[in-house]
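One point on numbering: in the numbering used here, the residue at position 143 of the sequence shown is 1560, and numbering is uninterrupted.
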Amino acid sequence: KNVKIISFECSPSAVLAISKNISLNKFENRISIFQIGLTNKRNDFLMLKEDKDSLGDQVNSLGKDFDFENKEIHISENKYKIYSNSLQDIIQNNALEIPNYIKLDVGTFELEVLEGFGHFLENPKIKTIVTEMKFGSKKVGKYTFDKETLNKKSNKVYEILLKAGFKSQHLEKNNKKEGWYLDVFYR
1418 KNVKIISFEC SPSAVLAISK NISLNKFENR ISIFQIGLTN KRNDFLMLKE
1468 DKDSLGDQVN SLGKDFDFEN KEIHISENKY KIYSNSLQDI IQNNALEIPN
1518 YIKLDVGTFE LEVLEGFGHF LENPKIKTIV TEMKFGSKKV GKYTFDKETL
1568 NKKSNKVYEI LLKAGFKSQH LEKNNKKEGW YLDVFYR
């Protein structure tokens, strides 16, 4: 009953779907939508490129010219600039309290979002961060990961979170999306 959820979403089409879901489930007093792009840049308008009729799909890109597989994208159907900001700036301006639990599902832009937290990542109020990341390597053994074969971006995400005092645990059983892994970072 006391859970308060803040959903960050930059895609207007995804916001429409989220808002309908909130209303249908009568969660309007529990879930709020922050309609901006999260990044490591402060107060900027970044180009959002979306696939036609996308609902926050993985072929979206915010401020970058590559998609979730780091392939260059040439989306011309839906592209426009959208206000984006860092979580550090949002928190410093008292627009948001430091959250307790965070779920990141941002394609391969976890690094940019986490860099946007700045020193707030070290705050012990943040108990858990769940990420869905794309790794450059495949599974080794039975859900064992060879750190040396992970791509640089994923390694950097680990470095940032471990330096901020988090431990990690892989949450992978019966993974249907090869190359995508759920990780829980906790204190």
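Every residue, glycine too, gets a C-beta built ideally from N, C-alpha and C. Please read these numbers as outputs of a predicted model, since none were measured by experiment.
If we ignore side chains and look at the alpha-carbon of each, how far apart do residue i and residue j end up?
i       : j       : result
Phe1425 : Lys1544 : 19 Å
Thr1548 : Tyr1575 : 11 Å
Met1464 : Ala1434 : 21 Å
Ile1422 : Pro1429 : 19 Å
Asp1522 : Arg1459 : 20 Å
Gln1586 : Pro1541 : 18 Å
Lys1466 : Leu1579 : 32 Å
Asp1563 : Asn1446 : Caution is warranted here: a pLDDT of 42 is assigned to Asp1563, below 50, making its placement in the model unreliable, and the coordinate value is therefore given only provisionally. The alpha-carbon atoms of Asp1563 and Asn1446 are separated by roughly 44 Å.
Gly1454 : Val1420 : 23 Å
Leu1441 : Phe1462 : 32 Å
Tyr1560 : Lys1570 : Because the pLDDT of Tyr1560 is 36, which lies under 50, any placement of that residue in the model is unreliable, and the number read from its coordinates should be weighed accordingly. Roughly 20 Å between the two C-alpha positions.
Gly1582 : Glu1494 : 42 Å
Glu1539 : Lys1443 : 34 Å
Lys1617 : Met1550 : Outside the shown range of the chain, which is 1418 to 1604, sits residue 1617, and nothing can be said about it.
Leu1588 : Asp1600 : 6 Å
Put residue i into one of helix, strand or coil per three-state DSSP.
i       : result
Asn1438 : helix
Leu1538 : helix
Asn1572 : helix
Lys1443 : coil
Thr1561 : Note that Thr1561 has pLDDT 39, beneath the 50 cutoff, so the model's placement of it is unreliable and the number below is only indicative. Strand at Thr1561.
Lys1584 : strand
Buried or exposed: residue i, going by 16 or more other Cβ atoms within 10 Å of its Cβ?
i       : result
Gly1480 : buried
Leu1528 : buried
Gly1431 : Here residue 1431 is Ala; the residue named in the question, Gly, does not match the sequence. Answer is buried; the Cβ neighbour count reaches 16.
Tyr1497 : exposed
Can you name, in chain order, every residue of its own chain whose Cβ lies under 8 Å from the Cβ of residue i, other than the five neighbours on each side?
i       : result
Ser1449 : Lys1421, Ile1422, Ile1423 and Ser1424
Phe1537 : Leu1504, Gln1505, Ile1508, Ile1515 and Ile1543
Asn1510 : none
Short of 7 Å in beta carbon distance, which residues of its chain neighbour residue i, apart from the five on each side in sequence? Order them along the chain.
i       : result
Tyr1518 : Lys1544 and Thr1545
Q. If we count Cβ pairs, one from each stretch, closer than 8 Å, do we get three or more for the segment 1503 to 1520 versus the segment 1530 to 1537?
A. yes
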